[in-house]
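Worksheet for the structure shown next.
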Amino acid sequence: MTLLHTDLGLGPVHRGKVRDCYDLGDRMLIVSTDRISAFDWILPTPIPDKGRVLTAISSFWFSWLGVEHHLITTDVESMDLPAATNLEPLAGRSMLVRKARVVPFECVVRGWLAGSGLKEYREAGTVCGIQLPAGLRPGDRLPEPIFTPATKATSGHDENVSYEVMHEAVGPIADTLRAQSLDIYCRAAEYAAERGIVLADTKFEFGQADNGQLILVDEVLTPDSSRFWPQEEAGHGQVPSSFDKQFVRDWLEGTDWDKSSPPPPLPEEIVAETRRKYLEAYRRLTGQELPV
Ligand SMILES: Nc1ncnc2c1ncn2[C@@H]1O[C@H](COP(=O)(O)OP(=O)(O)OP(=O)(O)O)[C@@H](O)[C@H]1O
Ligand SMILES: [Mg+2]
Numbered sequence: 001m002t003l004l005h006t007d008l009g010l011g012p013v014h015r016g017k018v019r020d021c022y023d024l025g026d027r028m029l030i031v032s033t034d035r036i037s038a039f040d041w042i043l044p045t046p047i048p049d050k051g052r053v054l055t056a057i058s059s060f061w062f063s064w065l066g067v068e069h070h071l072i073t074t075d076v077e078s079m080d081l082p083a084a085t086n087l088e089p090l091a092g093r094s095m096l097v098r099k100a101r102v103v104p105f106e107c108v109v110r111g112w113l114a115g116s117g118l119k120e121y122r123e124a125g126t127v128c129g130i131q132l133p134a135g136l137r138p139g140d141r142l143p144e145p146i147f148t149p150a151t152k153a154t155s156g157h158d159e160n161v162s163y164e165v166m167h168e169a170v171g172p173i174a175d176t177l178r179a180q181s182l183d184i185y186c187r188a189a190e191y192a193a194e195r196g197i198v199l200a201d202t203k204f205e206f207g208q209a210d211n212g213q214l215i216l217v218d219e220v221l222t223p224d225s226s227r228f229w230p231q232e233e234a235g236h237g238q239v240p241s242s243f244d245k246q247f248v249r250d251w252l253e254g255t256d257w258d259k260s261s262p263p264p265p266l267p268e269e270i271v272a273e274t275r276r277k278y279l280e281a282y283r284r285l286t287g288q289e290l291p292v
């Protein structure tokens, strides 16, 4: 089943590009739809099962990582939602989470050179102000993963900031956030590499629970919050194509779409290939088939 949009009437809703988030008081319901974005636009055509793959991947990592996190359940039957709620479209794509006070910084970890990091490296030899050795090629592995926080912009693009700026704003918990982010990234990247996926970089969010405890929130280590590369393409001097969105981006680049007006609908075969890629990411990571 494909889901483009929800309107559950469950209280205040925040719609991101991909997820619909319902504020339930001390909890939140995060529903991953099948919307897909590219070049900062939500495309008019959904990718069937994408939201289920993203939810299943986050859920997999939350339990694999063994760190304190916000996920209560992905089982819609046990969420105690109002009786009138139609659970069917939500099944497999919803997370009931503990609402937290979200730290207003994105905890980005980069292990490979790409994106805004590559751009800055070419101009200044640094990534987010961190000096790197000369001679790295696009898409190369960094000598060691680096922590490069960004502000959570309420509108427009997130802005990279130095660790010092983050420390100034949040105080000593910055140390904890950096250490936790690097530790989680390193463990997950090692695991993914054994399964044919390079986690080039990723973004974590943390929040403070009611009891003051720092917990991992949002989605975690999904292709939407990270760069997933096929292992076989990494380290050859070029930035690999994204594991999941490659077909969509390539196809859009081949049309006459100007990227500043609403994007065109995707053809059926691009949708099908992209869907297969998401399912393959899940299969490679977990060794299991997502039931569809
Ligand atoms: N446990 C939690 N408690 C409170 N807020 C949370 C929790 N987990 C995630 N969030 C917040 O929920 C929001 C999810 O929004 P989402 O990422 O879907 O859209 P967005 O960030 O506004 O836009 P985009 O789609 O471009 O990322 C984020 O602001 C995130 O910080
Ligand atoms: Mg977001």
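Numbering-wise (the numbering used here), the sequence shown opens with residue 1 and increments by one.
Just so it is clear, CB atoms sit at the ideal spot from N, CA and C, and this is done for glycine as well.
Residue 26 beta carbon near ligand 2 (any heavy atom closer than 8 Å): It does not: the Cβ of residue 26 is nowhere closer than 8 Å to a heavy atom of ligand 2.
Cβ of residue 269 within 8 Å of any heavy atom in ligand 1? Outside the cutoff, so no.
Using CA coordinates, which residue listed in 11, 225, 237, 204 is at the minimum distance from residue 179? Comparing Cα positions, the closest option is 204.
Name the residue from 60, 41, 3 whose alpha carbon lies nearest to the alpha carbon of residue 286. Out of 60, 41, 3, 60 has the C-alpha closest to the C-alpha of residue 286.
Taking the CB atoms as reference points, tell me whether residue 207 and residue 101 lie closer together than 9 Å. The Cβ atoms of residue 207 and residue 101 lie closer than 9 Å to each other.
Whole angstroms are fine: how far does the CA of residue 84 sit from the CA of residue 111? Distance between the alpha carbons of residue 111 and residue 84: 46 Å.
Identify whether residue 167 lies in helix, strand or coil by the three-state DSSP scheme. Residue 167: helix per DSSP, three-state reduction.
Just checking residue 218 against ligand 2 - is the residue's beta carbon closer than 8 Å to any of the ligand's heavy atoms? Indeed, a heavy atom of ligand 2 lies less than 8 Å from the Cβ.
Rounded to the nearest angstrom, how far is the Cβ of residue 3 from that of residue 24, given a contact under 8 Å? Not confirmed; about 19 Å, so no contact.
Three Cβ pairs or more, each shorter than 8 Å: is that satisfied between the segment 121-130 and the segment 144-152? Yes, since at least three Cβ pairs between the segment 121-130 and the segment 144-152 fall closer than 8 Å, the two stretches touch.
Whose C-beta lies closer than 8 Å to the C-beta of residue 213 among residues of the same chain, with five residues either side of it excluded? Taking C-beta separations shorter than 8 Å and ignoring five residues to either side along the sequence, the partners of residue 213 in its chain run 68, following chain order.
Is it the case that the CB of residue 57 approaches a heavy atom of ligand 1 more closely than 8 Å? No; taking the cut-off as 8 Å, the Cβ of residue 57 has no heavy atom of ligand 1 nearer than that.
Distance, residue 260 Cα to residue 254 Cα: Pairing residue 254 with residue 260, the inter-Cα distance amounts to about 15 Å.
Could you tell me whether the segment 90-99 touches the segment 39-55, using the rule of 3 or more Cβ pairs below 8 Å? Between the segment 90-99 and the segment 39-55 there are three or more inter-stretch CB-CB distances shorter than 8 Å, so the stretches are counted as touching.
Taking only three categories from DSSP, how would you classify residue 129? Residue state, collapsed to three classes: coil.
Cβ of residue 16 within 8 Å of any heavy atom in ligand 2? Because some heavy atom of ligand 2 lies under 8 Å away, the Cβ of residue 16 counts as near it: yes.
Where the beta strand (DSSP E) containing residue 204 begins and where it ends: Counting along the chain, the beta strand (DSSP E) containing residue 204 begins and ends at 197-208.
Hey, how far is the Cα of residue 19 from the Cα of residue 163? The straight-line gap from Cα to Cα measures roughly 29 Å.
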